[in-house]
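Taking numbering that gives the first Met the number 0, the leading residue of the sequence shown gets 0, the next gets one more, and so forth.
C-beta: ideal position from N, C-alpha, C; glycine also.
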Amino acid sequence: MVVSAPAQPDAGLVSGLRLPHRHFNALDLSRLLAAVAVLFWHYQHFYVAPGWEHYHVNHAREPFYRWFAFFYDHGADAVQYFWAVSGFVFAHVYLADTRAQGRFWLARVARLWPLHLLTLGLVAAMQAVVMARWGDFYIYDWNDARHFVLSLFLAHYWGFQANQSFNGPSWSLSTEIVAYAAFWLLLPALRRAAMVVALAVAVVIGAMLVRNAPNADVLTCVFYFFAGVAFYAAMLRGLV
């Protein structure tokens with residue numbers, strides 16, 4: 000009989016800061032449903048004409064509205080859920096790993112930027128074709144050099160933009176970069192008191208939103224992201 004030595008704990012992991020789950024199946028299912036909701040909501044853009052900032056779509060006229068009314072009417076709210084899920088997942092991956100902070104941004108760039116560059120390039124090319132053929136852009140009108148540079152660095156929804164441009168739906172990813180930066184900066188403090196720090200950030204941001212602070216979309220993203228971190232911390236304590 001061969002007796003193997005007991006597994007040694009990873010020296011880079013802080014005890015008590017990671018749930019034993021390797022995968023959250025229910026969370027993945029909920030993310031799938033949220034993605035479907037966002038997809039349904041974006042269907043209305045097929046009705047958009049120039050001057051879309053002022054358009055109004057009667058959702059009841061959209062396909063199969065009777066069965067999918069909830070998705071058509073409230074699909075945009077799923078974006079906020081995605082932000083909260085991101086906070087939860089980041090807490091699970093990074094809170095316990097003391098080595099993670101050094102490779103945090105490399106991982107983010109490797110995961111997000113290649114696909115973002117691909118979609119940005121494709122949309123820019125297609126918008127050029129649409130402009131040449133019909134004399135107007137499709138859905139998003141602010142497709143100039145300035146907004147392309149902002150989009151290139153995922154800074155196109157930080158308050159420097161005139162409006163959405165090029166790959167418009169990526170606005171939520173742009174706001175999430177700010178939440179990532181806040182999480183990265185606060186990671187040492189979160190390891191010491193995850194729930195206290197996360198709730199403090201959420202409360203401060205919530206107060207700013209109540210007072211109608213500028214860049215509300217960015218602040219809303221940070222609020223929900225840290226709400227997700229706080230929920231993970233509550234699970235660590237056995238509170239939920």
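Collapsed DSSP secondary structure at residue i in the structure displayed
i    : result
D96  : strand
R17  : coil
P168 : helix
P187 : helix
I138 : coil
G143 : Here residue 143 turns out to be Asp, not Gly, going by the sequence shown. Note: D143 maps to coil in three-state DSSP.
R60  : helix
G227 : helix
W133 : helix
W157 : coil
R210 : coil
R107 : helix
A123 : helix
G237 : coil
N24  : helix
Q163 : coil
F69  : helix
A192 : coil
F222 : helix
F81  : helix
F39  : helix
F152 : coil
A232 : helix
Per-residue burial, residue i [other beta carbons within 10 Å of its own, 16 or more giving buried]
i    : result
V209 : exposed
H73  : exposed
N142 : buried
V128 : exposed
W170 : buried
H22  : exposed
G15  : exposed
V69  : As written in the sequence, residue 69 is Phe, which differs from the Val given in the question. Exposed, since its Cβ has fewer than 16 Cβ neighbours within 10 Å.
W104 : exposed
F63  : exposed
G242 : Since the first residue of the chain shown is 0 and the last is 239, residue 242 is not available in this structure.
V202 : exposed
L238 : exposed
V108 : exposed
G227 : buried
Beta-carbon gap between residue i and residue j smaller than 8 Å
i    : j    : result
L18  : M234 : yes
F225 : S85  : no
V13  : T118 : no
N162 : S150 : no
C220 : A192 : no
A180 : F147 : no
Y156 : D76  : no
L198 : I176 : no
F182 : F81  : no
H250 : I138 : Here the chain covers residues 0 to 239 and nothing more, so residue 250 does not appear.
F87  : F230 : yes
**Asked** Three or more C-beta pairs closer than 8 Å, one from the stretch 179–195 and one from the stretch 91–110: is that the case here?
**Response** yes
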